[in-house]
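A.B. asks:
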Amino acid sequence: MKVIDEQWRTLRVIMHNDDLVDGGKKLVSCLMKNEQLLTQTGRNVREFWTSLCVRVLLSCELAVLRTFWGSSYSDDLPTWEWDWDVATRSYVWRKFACAWNDFGEISLESMSFLLALPFL
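Quick note: the sequence shown uses this note's numbering, first residue -4, plus one each step.
And the structure:
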């Protein structure tokens, strides 16, 4: 995942955000589908996985963020439901909120959605 993270960071520097939307959807889809495999070695790996998801989602539309959290359907991503217990979902949400704050600007719509997640 570190190689993918470094490549994504480089792409964000050299390319316009609009050019990253399709690639971002594909990468998020891959990260979602392979979450159990990619995070099976512990909490530090899950934190890195979450940070990478946030970095990629910064280049995606709100529909992809909603799909990540299982709240909506995007044409490019299937309806998604995580197999997380409450503690894991809470952990990912906290890391997600902190990482989003650290990595970039967030739209008002995305911020409202993210803040409402614990109540859904």
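Virtual Cβ for every residue (Gly too), placed ideally from N, Cα, C.
Since the model is a prediction, treat every value here as computed from it, not as a measurement.
State buried or exposed for R50, treating a residue as buried only when at least 16 other CB atoms are found within 10 Å of its CB.
C.D. replies: In the sequence shown, the residue the question calls residue 50 occupies position 55. The residue is buried, with at least 16 neighbouring Cβ atoms inside 10 Å.
A.B. asks: Taking the alpha carbon of L53 as the point to measure from, which residue in M27, A94, Q35, C25 has its own alpha carbon closest?
C.D. replies: The residue given as residue 53 occupies position 58 in the sequence shown. With distances taken between Cα atoms, L53 lies closest to A94.
A.B. asks: Counting beta carbon pairs with one atom in the stretch 33 to 40 and one in the stretch 2 to 14, are three or more of them shorter than 8 angstroms?
C.D. replies: no
A.B. asks: Report yes if the CB atom of L57 is closer than 8 angstroms to the CB atom of I(-1), and no otherwise.
C.D. replies: Along the sequence shown, read from residue 1 onward, the residue named residue 57 stands at position 62. Along the sequence shown, read from residue 1 onward, the residue named residue -1 stands at position 4. Contact: no.
A.B. asks: Out of F43, G37, H11, S105, which has the shortest C-alpha to C-alpha gap to F63?
C.D. replies: Residue numbering aside, residue 63 sits at position 68 when the sequence shown is read from its first letter. Nearest to F63 by alpha-carbon distance, out of F43, G37, H11, S105, is S105.
A.B. asks: Inspect the beta-carbon positions of T45 and F91 and report whether they are closer than 8 angstroms.
C.D. replies: Here residue 45 corresponds to residue number 50 of the sequence shown, with the count starting at 1. Here residue 91 corresponds to residue number 96 of the sequence shown, with the count starting at 1. Yes, the Cβ-Cβ distance between T45 and F91 is below 8 angstroms.
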